[in-house]
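Residue numbers (full-length UniProt numbering): 1 to 228. Everything on this sheet refers to the single structure shown next.
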Amino acid sequence: MNTKTLLLLLVVVLIYLTWLVLHQVIFHRSFCRPANRVAEYFYHRLSGFLFLGVISYWIGSHWFDLSPAQMGIGFTLNNVAQWSLLAAVLVIPALMFWVGPQKRNLWDNPKIRAKYWSWALVLFSTLSWIIYLFAYEFFFRGFLLFPCIEKWGLVCAVVINVVFYSLAHLDQGWRMVIGAAVFSVVLSLISFYTGNFYAAFLIHVINACCNEWISLYHHPEMRVKGLI
């Protein structure tokens, strides 16, 4: 096996664990004030952009001498990307209209558990999702996926991606782990056939935002001021 790529896998683990540990230290240690849940989720997403996006890109380009293209950064959306996005726009909202009102989904969504939402909070939450998921998809479907494809081929790279992505959802239960594994396969293949992670990012944004908006609308204990 290539030592450089193995080292990259280690760096992926260290970056992700550092991000999680800092979150726990800031919001859940006894010497901290009780967590403000709104602030906590904004911190989680913005710090995710820093660690999974900015720091990962810097390490990839400076330590591993990876070009933007080698980390899944391109500037086109080919036919595969366009058809994938069209399918996502049609399928995901329909699926969320079915899943969103279910008690199991409302138990955990929206992630921000504010009882009363202003339109500013809705907007900032949506923007923070976009910023966070750009870095998140770069981390898994760019920084991790493309160097593995280059060294070990598509199948091995997808398997590695599924393992890492599933482990990242381990704290959310086995149902989420299984869903994450399937989602990882789909997004990894789309990223490979499009040559970048942009379509995966946009699909993930559609999924996250549709889920949040529909869950917020149906949640019996939450309201958007001026809407309901």
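Using N, Cα and C, we set each Cβ at its ideal position, and we do this for glycine too.
contact_flag[the region 80–93, the region 184–195] where n(CB pairs < 8 Å) is 3 or more: Between the region 80–93 and the region 184–195, the count of Cβ pairs shorter than 8 Å is three or higher; the stretches touch.
Between the CA atoms of Tyr165 and Asn109 - distance to the nearest angstrom: Position 109 of the sequence shown, counted from the start, is the residue given in the question as residue 109. Position 165 of the sequence shown, counted from the start, is the residue given in the question as residue 165. When rounded, the distance between both Cα atoms is 20 Å.
Leu52 to Phe138 span [Cα, whole Å]: Within the sequence shown, the letter at position 52 stands for residue 52. Within the sequence shown, the letter at position 138 stands for residue 138. Approximately 8 Å, taken between the alpha carbons.
Segment contact, 8 Å Cβ cut-off, at least three pairs: the region 211–223 with the region 161–176: Touching, no, given that fewer than three Cβ pairs across the two stretches are closer than 8 Å.
Enclosing alpha helix (DSSP H) for Ile131 [first to last residue]: Numbered from its first residue, the sequence shown carries residue 131 at position 131. Following the DSSP letters along the chain, one finds Ile131 inside the alpha helix (DSSP H) bounded by residues 119–138.
Top-ranked residue by Cα proximity to Val185, from Asp65, Ala200, Arg175: In the sequence shown, the residue the question calls residue 185 occupies position 185. Taking only the C-alpha atoms, the option nearest Val185 is Ala200.
Glu212 burial status per 10 Å Cβ neighbour count (16 or more: buried): Looking up residue 212 in the sequence shown gives position 212. Looking at its Cβ environment, which holds 16 or more other Cβ atoms inside 10 Å, Glu212 is buried.
Contact under 8 Å by Cβ, Leu202 with Leu85: For the purposes of this step, residue 202 is taken as residue 202 along the sequence shown, with counting starting at 1. For the purposes of this step, residue 85 is taken as residue 85 along the sequence shown, with counting starting at 1. Contact flag set, yes.
Rounded C-alpha distance that separates Val11 from Thr3: Within the sequence shown, the letter at position 11 stands for residue 11. Within the sequence shown, the letter at position 3 stands for residue 3. When the Cα atoms are used, Val11 and Thr3 turn out to be separated by approximately 12 Å.
Contact belief for Leu216 with Trp117 at Cβ below 8 Å, rounded distance in angstroms: Residue numbering aside, residue 216 sits at position 216 when the sequence shown is read from its first letter. Residue numbering aside, residue 117 sits at position 117 when the sequence shown is read from its first letter. Right, the Cβ-Cβ distance comes to about 6 Å (below 8 Å), so this counts as a contact.
First through last residue of the alpha helix (DSSP H) which encompasses Ala88: In the sequence shown, the residue the question calls residue 88 occupies position 88. Ala88 -> alpha helix (DSSP H) spans 79–99.
Exposed unless 16 or more other CB atoms sit within 10 angstroms - verdict on Phe140: For the purposes of this step, residue 140 is identified with residue 140 of the sequence shown, where counting begins at 1. The residue in question, Phe140, is buried, as its Cβ has 16 or more Cβ neighbours within 10 Å.
Inter-residue spacing [alpha-carbon to alpha-carbon] between Ile112 and Arg37: Counting from 1 along the sequence shown, the entry for residue 112 is found at position 112. Counting from 1 along the sequence shown, the entry for residue 37 is found at position 37. Rounded to whole angstroms, Ile112 to Arg37 spans 7 Å at the Cα level.
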